[in-house]
Amino acid sequence: MILEFEKPVRELEARIAELHRLAGPNAELQEEISRLEDALDAAKRRIYSNLTPYQRVQVARHPDRPDFDRYRDALADDFYELSGDRLGADDPAVRGGLAKIGSRSVVLLGHEKGDDVNSRVKSNFGMAHPEGYRKAGRLYDLAERLELPIVSLIDTPGAAPARAAEERGQAWAISADLMALARVPVPVVAVVIGEGGSGGALAMCLADHVVMLENSYLSVIAPEACASIIFRDEKRAPEAAEAMKITARDLLAHGIADEVLPEPLGGAHNEPEAAVEAVVRAIEGTLSKLSRLGPESLVKNRYERYRRIGTHVTEGEMAGTRGPGE
Amino acid sequence: MILEFEKPVRELEARIAELHRLAGPNAELQEEISRLEDALDAAKRRIYSNLTPYQRVQVARHPDRPDFDRYRDALADDFYELSGDRLGADDPAVRGGLAKIGSRSVVLLGHEKGDDVNSRVKSNFGMAHPEGYRKAGRLYDLAERLELPIVSLIDTPGAAPARAAEERGQAWAISADLMALARVPVPVVAVVIGEGGSGGALAMCLADHVVMLENSYLSVIAPEACASIIFRDEKRAPEAAEAMKITARDLLAHGIADEVLPEPLGGAHNEPEAAVEAVVRAIEGTLSKLSRLGPESLVKNRYERYRRIGTHVTEGEMAGTRGPGE
Amino acid sequence: MRCARRSIARSARRRGAEIRNWLHKRREYSRSASEAPDTESGLASTNGVFTKCEGCGQPIYEKELKARFNVCPHCQFHYPLPAPERVRLLADEGSFSERDAGMTAGDPLGFEDYREKLESAHEKTGLDDAILSGVARIGGHPVALAAMDFRFIGGSMGSVVGERITRTVEAAHDGGLPLVIVSASGGARMYEGIYSLMQMAKTSVALSRYMTGSSPYVSVLTDPTFGGVTASFGTAADVVIAEPGARIGFAGARVIESTTKERLPEGFQTAEFQKEHGLVDRIVHRLELKDDLERFLGFLT
Amino acid sequence: MRCARRSIARSARRRGAEIRNWLHKRREYSRSASEAPDTESGLASTNGVFTKCEGCGQPIYEKELKARFNVCPHCQFHYPLPAPERVRLLADEGSFSERDAGMTAGDPLGFEDYREKLESAHEKTGLDDAILSGVARIGGHPVALAAMDFRFIGGSMGSVVGERITRTVEAAHDGGLPLVIVSASGGARMYEGIYSLMQMAKTSVALSRYMTGSSPYVSVLTDPTFGGVTASFGTAADVVIAEPGARIGFAGARVIESTTKERLPEGFQTAEFQKEHGLVDRIVHRLELKDDLERFLGFLT
Ligand SMILES: [Zn+2]
Ligand SMILES: [Zn+2]
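In structure tokens, the structure reads:
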């Protein structure tokens, strides 16, 4: 898939390839190629270093973007998958199990978006149903029982706007996850690897440390939906994405994210190994830091971290514009 | 409904009533009436004091037997009903909520069998589905959180042999209830008011104190099913009921029940007030005793209570024929 | 279609405080907050007039409606209730002591029109944001109490709602008080972007800590309660009470219909539907709500 | 019909240890223990003979079958596995130390035929009851281990099974050991009446206490596991593993069909069905089971 703003790059790349094919030893063409390559390089830098928020959303949604499987394989020598909510269903949109990251065992979970039509439909494009939240909740309980840290990889457009999800109480299920994450006495590390849509994402990223990939986003609502509601025009999604401050760097600036991992030029899908490697290092580093804290400190710090987030004004004084970061 | 073994009594009663109607001031008939009344009294005592185990099962199943509603009204000035498993369903076969018994607030729950065709079907004749066990489990959690004793009134033929119940994991749900009752740090009092069928009953009566009404039963399997399996003949249910030792007095003798409450002659349905009054007194007395124990003692005693039950033989020595009673 | 309905609603509003107005907005209601109706400050503001009930079509004295806390005397339809009225309904007379008054919303993202929205909501309701909170007594029982107000930007949850809920939970925690929260919310306040989402996390950590104690939490869900409120403090209660007919869920019916093209069943997401689905404990008539809470609190003292 | 099938099974048994025999009983299987097949002591007891697989119809060397722990080399059909074989499959060589050997069933109710049943089961299996238990190492990890045996009165749970499970759980609790229990059970042992039911309570109090610690519990469910075992310790595990095709549930399919007159779907209550329904974590081939447990235990040391 070629994103709209990538077209100039892709066209240049195609022309260069064509010229290479034609050129042979022709010195003049070699020069032309060289010129074009410089232009390509410049174009790439220009385009990719100045992605608008909405362009980043598109990168975050890129079908070739490294997914749960990819990170899991890189993170863990062994992944011992667990299934089901123990209540009557197993949600393919949420994956989880035990994993060893470095020398540390953790409970690893994340969203599954699927990688072909069938698996995408099966996993509901990464939108969990209540059974997915309850599966996550079960894994949080397991982590508490076995005293293992929780590592979650977030990549979901959000909660499922679906009749069945409402009938089985998705709001109740999300709420239960938040309550569980708030009190679980083990380290919780969340990495937003792609989309971080609304309550569906939050049910996995109420954490001690929130890492975001440069082109991932975290938002209370999809930019398209926001635009359609506030501006009465879905096409104004780019504006909404801009206005809502949903990119990794925005969230870092606002103190909601703790760490932003730069992506390879053009996005993680252009050079997955580098992105994956950065995530692995960030998780290992964070786990190592958090492992020094006892259960009470972890829960207390987590409390304080979220307690601070808000932009209310008291007695004419701004009280808490900043989030949990220092 | 007239049970088979009650027929002689009912016939005598009818004859006496008829004679009364005819008698007027006739002295001779008065004498005859008096004689018949003596006979009736004798017949009642003979029949009702010597009910076979299977006849007691029939009394336990009597449609007019006092039910959850009846006991609830007598037990509690106020009953604040709660619904649902918080997961997607509310099982009408299990009722529960907060109640005040004497001066004590408790979590009160029990089985609903229904009292007409519609409500019987709706409540699945008192056989819970997984959502019923999970509703009970939720109430156990609530009791723990609010530090209230649990009082349960058991009256179920057993778990539901139904496709839907299996699909939603009834075994898992029962198991979860047992695990919860085993550790809940508040007093747990169970009263078997009618039928106590298999795991379905046990999910509510793993308790610190088990009270049984004289004609209630508690059994690993319905006598009919046992007869059909072991004797290959459902009609041998009376034998199975006898062999399995399922009556209140048997269970008291084997140390499984802690207390048996005598019923009015002919069964609780003949004089509900008396039966209900006995249950109320038993519960109040038990709560008063248990309230003196701290959470640790309660859980420890409960552990020991069930830990002892078994009839295995070790090294040629009977090790634990007796149950939890002393 | 949507726009047509909206402009009808707008002109109706100009014509006076008709219940029809509420109802139009009810129908239009979606999970999104800003699209949700910004309701009038009170049905009974125009004095002594008859109005026609959208529930049953019968005429109601607006005075009577106000006296019945916006419940139709004929069909018992529950219209939204402003937070100050809710407090008047529930708190023992003179017992309510507001906390955190004067806390107002920042505009962290400098979002188009947000300032104006806030100002007009303030003017309309007299409130600082979509919530009133403090401590009170209910039937003599001291409680921490918060009530949301749907008229204020659709009861959307921004930093002020999140902060005042959190402080109410903390007051309950510190004082060993029962906690009662009455919700009415279209969902997140998009104008505050990520801060809005994070209020779910903030209220959840506070509530999760409160729940490690042994004081009870009762959540009362009124029409409508959706989005982040339902998916955080709205449902994580010991007892969840809903008002008759209240629509409760995460995603609103219209969003679901437009996404899935599926026709939703009659009564979808109503309090009765959610009770049937085991998610709500009790459905309590507004005029019996105080009594019901008193009963509940009575078990725990 | 039932009787006809049973007598066929009986004569087949006389003709030799045919797999067909197992399968007849598989089909006949119900939740009730005594009706469940008392299976042969081992498929491979008659030496060097071919037998025909009921799963795929292909011939199998019984020796090969035994070497593969009763898994068909062609279609991977998993036949029941005697407890001693299960221990041999899972425990590191020479590491298993049995506990509570010699514990036998009392006959608390003097139930018709129970003594005879026990004796013939003992003769057939060489076991004292439907369970082997003790401590062992799996891939070097010390564990408390129990394995049930379906051949012993249908793997029914009476006082001995309950007591040995409980002691195994207690050994794990006291020693801070991981706990592994392999179940195979038709359900309750009706001959012990209420004592049978109470084993659910006994094992549950022990397990509930164990779970307050931080050592893991893995439950392995094999064909068939029903009734009281599934509704107590069988499912209350951190990880629930099932063997392929194993039938798992509370009430057996036949009981449900005869009660509800409903035709059950293909594959009802199989391991795969239960995984689909979120009740089982993993389906693991028997010949990979030891490795799978080693992997799991490796995360926790
Ligand atoms: Zn009306
Ligand atoms: Zn085969």
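Chains as they are written, first to last, in the working numbering: chain A, 1 to 326; chain B, 1001 to 1326; chain C, 2001 to 2301; chain D, 3001 to 3301.
Just so it is clear, CB atoms sit at the ideal spot from N, CA and C, and this is done for glycine as well.
Computed from a prediction, not measured in an experiment: that's the story for all the values here.
Per the CB criterion, closer than 6 Å to any heavy atom of ligand 2, the qualifying residues run in chain order as D:C3053, D:G3055, D:C3056, D:Q3058, D:C3072, D:H3074, D:C3075, D:F3077.
Taking a beta-carbon distance threshold of 7 Å, Y80 (chain A) counts as an interface residue toward chain D. For R1168 (chain B), the chain A residues whose C-beta falls within less than 8 Å of its own C-beta are L87, G88, listed in chain order. Within 7 Å of the CB of I2 (chain A), no CB atom of chain C is found; the nearest one sits about 27 Å away. Sequence-distant Cβ neighbours of R3189 (chain D) in its own chain, meaning closer than 7 Å and more than five residues away, are A3033, I3153, S3156, M3157, G3158, S3196.
Leaving aside the five residues that flank R2115 (chain C) on each side, the residues in its chain whose CB is nearer than 8 Å to its CB run, in chain order, D2107.
In this structure, the straight-line span from the alpha carbon of P1223 (chain B) to that of G1158 (chain B) is close to 12 Å.
It is roughly 29 Å from the alpha-carbon of V3160 (chain D) to the alpha-carbon of P1187 (chain B).
Secondary structure note for D77 (chain A): its beta strand (DSSP E) is the uninterrupted segment 76-82. Boundaries around M1244 (chain B) are those of the alpha helix (DSSP H), 1237-1244, since no beta strand (DSSP E) includes it. The alpha-carbon separation between S2133 (chain C) and E2098 (chain C) amounts to approximately 6 Å.
Your pair Q3269 (chain D) and E1166 (chain B) checks out as a contact, with CB atoms roughly 6 Å apart and the cut at 8 Å. Note: M1212 (chain B) is bridge-paired with B:V1192, B:V1260 in the DSSP secondary-structure output.
For M2148 (chain C), the enclosing beta strand (DSSP E) stretches over residues 2141-2148.
If you draw a 10 Å sphere on the C-beta of I2 (chain A), you find fewer than 16 other C-beta atoms in it, and that means exposed. For G110 (chain A), the three-state secondary structure derived from DSSP is strand.
Among the residues facing chain B, P3108 (chain D) is included, as its CB has a counterpart in that chain under 7 Å away. Nearest CB-CB separation between E284 (chain A) and chain D: not below the 7 Å threshold. Interface annotation, P161 (chain A): in contact with chain C, CB-CB separation under 7 Å. Closest in alpha carbon position to L1087 (chain B), among B:A1136, B:K1289, B:Y1054, is B:A1136. When Cβ-Cβ separations below 7 Å define contact, Y2210 (chain C) makes no contact with chain A. Interface residue (Cβ-Cβ distance to chain D less than 7 Å): T1311 (chain B) is classified as such.
The beta-carbon of H3277 (chain D) is placed less than 7 Å from the nearest beta-carbon of chain B.
Counted as a single uninterrupted DSSP element, the stretch harbouring A2091 (chain C) is not any beta strand (DSSP E), since DSSP gives it neither H nor E. Put simply, the CB of L1109 (chain B) is far from chain C, with every gap to its CB atoms at 7 Å or more. Classified as buried, P3082 (chain D) has 16 or more neighbouring CB atoms from the shown chains inside 10 Å of its CB.
Residue range 1094-1101 is occupied by the beta strand (DSSP E) that includes A1099 (chain B). For the segment 3132-3154 of chain D, the set of residues with a beta-carbon nearer than 9 Å to any beta-carbon of chain A is empty. For V3182 (chain D), the closest Cβ of chain B is not nearer than 7 Å. Residues of the same chain with a CB within less than 7 Å of the CB of G1197 (chain B), apart from the 5 flanking positions on each side, are T1156, P1157, G1158, S1219, A1222 in chain order.
Flagged as an interface residue toward chain D: I1174 (chain B), by a C-beta distance shorter than 7 Å.
Counting along the chain, F2273 (chain C) sits inside the alpha helix (DSSP H) bounded by residues 2271-2276. Excluding sequence positions up to five before and after P1238 (chain B), its CB lies within less than 7 Å of the CB of T1052, Y1054, all in the same chain and listed in chain order.
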